[in-house]
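In the working numbering, the protein residues as written are 1 to 352. Just so you know, even glycine gets a beta-carbon here, dropped at the ideal spot from N, CA and C. Owing to the predicted nature of the structure, the values given are computational and were not obtained by experimental measurement. The structure under discussion appears below in the form of structure tokens.
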């Protein structure tokens, strides 16, 4: 019999275990005890206690089948139930044996053993159900991660190939076009292609960081900030100042770039007129702190507590993504408590 055939027997085996325990209790209490004792009320009550309990296994088997539970999961429930029955019975049996070897009198040892076996079987079935549920959830999550990783890699590959073609054609226009306006447009296209290519790389780094236990590397935060600020200056009408040391190397990966980019763009986009943004990098002992401060209206007090939480109906991103990535880097992020514009602080582990 193959594995599938074995699994098909699981509901019957689980129900059979309950029937066997029920039958043993019936024979002992209603057969042996009632014939050897002068009263029958005691054996009947005992049977009601440890004879009816195993019938829950029969009912549970029926419910599991009606719920269209995979046979493999029902098999897991049966194995756990049988293991629980044997474990409880052996433990209680050994304790009874120890007391008898010590010369102590153990009242109703069979009743105690039956009750232990019943309890272990039911407890094992419940534990097996939740264990199989947890395994199924883990398998489902693993399949989802695998699917998303595959789709992400496929899209990145196709987009990168298309960008390469666009960049090549734009490069020809930038050098061979007759008029300056066409050459300028081609250069602008190549700049946007480079920006999109960077976004594709960032998306890959973010996906890898969030879906796997990524290996961190040494990243110079100063260089990342310089690239992000240069791009923001070319895109937005804003004044952005940077105060940083020559280098500030942290444990992270390329996903730290979206962290900086989101904070800088958030400071610009949530500000009116011609915003001013100050970006500061500080090295202190074993950490590096990134400060992003704007001169806007700031975060309202009522929203400060949930500033990193996604709003209802919105796709999680922005500050929520920033916080998630920083936490994956074993870092910290918070909104500084001060008047005026918003002041976000990111703290990462420093490479010394």
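Should residue i go down as buried or exposed, given a rule of 16 or more other Cβ atoms within 10 Å for buried?
| i | result |
| --- | --- |
| residue 11 | buried |
| residue 111 | buried |
| residue 245 | exposed |
| residue 161 | exposed |
| residue 22 | buried |
| residue 5 | exposed |
| residue 129 | buried |
| residue 91 | exposed |
| residue 240 | buried |
| residue 297 | exposed |
| residue 73 | buried |
| residue 70 | exposed |
| residue 268 | buried |
| residue 314 | Residue placement at residue 314 cannot be trusted, given a pLDDT of 47 that sits under 50; what the coordinates show is reported in the next sentence. With fewer than 16 other Cβ atoms within 10 Å, it is exposed. |
| residue 302 | exposed |
| residue 33 | buried |
Tell me the rounded alpha-carbon separation between residue i and residue j.
| i | j | result |
| --- | --- | --- |
| residue 250 | residue 320 | 21 Å |
| residue 153 | residue 144 | 14 Å |
| residue 184 | residue 228 | 23 Å |
| residue 55 | residue 39 | 26 Å |
| residue 65 | residue 132 | 15 Å |
| residue 175 | residue 236 | 28 Å |
| residue 100 | residue 18 | 29 Å |
| residue 15 | residue 107 | 30 Å |
| residue 141 | residue 209 | 16 Å |
| residue 265 | residue 233 | 10 Å |
| residue 334 | residue 345 | 5 Å |
Can you tell me which residues form a DSSP beta bridge with residue i?
| i | result |
| --- | --- |
| residue 291 | 280 and 345 |
| residue 252 | 217 |
Between which two residues does the beta strand (DSSP E) holding residue i run?
| i | result |
| --- | --- |
| residue 217 | 217 to 220 |
| residue 239 | 239 to 243 |
| residue 332 | 332 to 335 |
Among residues of its own chain, excluding the 5 on either side of residue i, which ones have a beta-carbon nearer than 7 Å to its beta-carbon?
| i | result |
| --- | --- |
| residue 25 | 47, 50, 51 and 114 |
Should residue i be flagged as near chain D, meaning a C-beta pair shorter than 8 Å?
| i | result |
| --- | --- |
| residue 231 | No chain D appears in the structure shown, which is made up of a single protein chain. |
By Cβ distance below 6 Å, which residues in the same chain neighbour residue i in space, the five residues on each side in sequence not counted?
| i | result |
| --- | --- |
| residue 332 | 347 |
| residue 58 | 15 and 18 |
Would you kindly report the start and end of the unbroken alpha helix (DSSP H) that includes residue i?
| i | result |
| --- | --- |
| residue 10 | 10 to 25 |
| residue 75 | 71 to 101 |
Identify, in the order they occur along the chain, each residue of the same chain with its Cβ nearer than 8 Å to the Cβ of residue i, setting aside the five sequence neighbours on each side.
| i | result |
| --- | --- |
| residue 216 | 251, 252, 253 and 329 |
| residue 177 | 183 and 186 |
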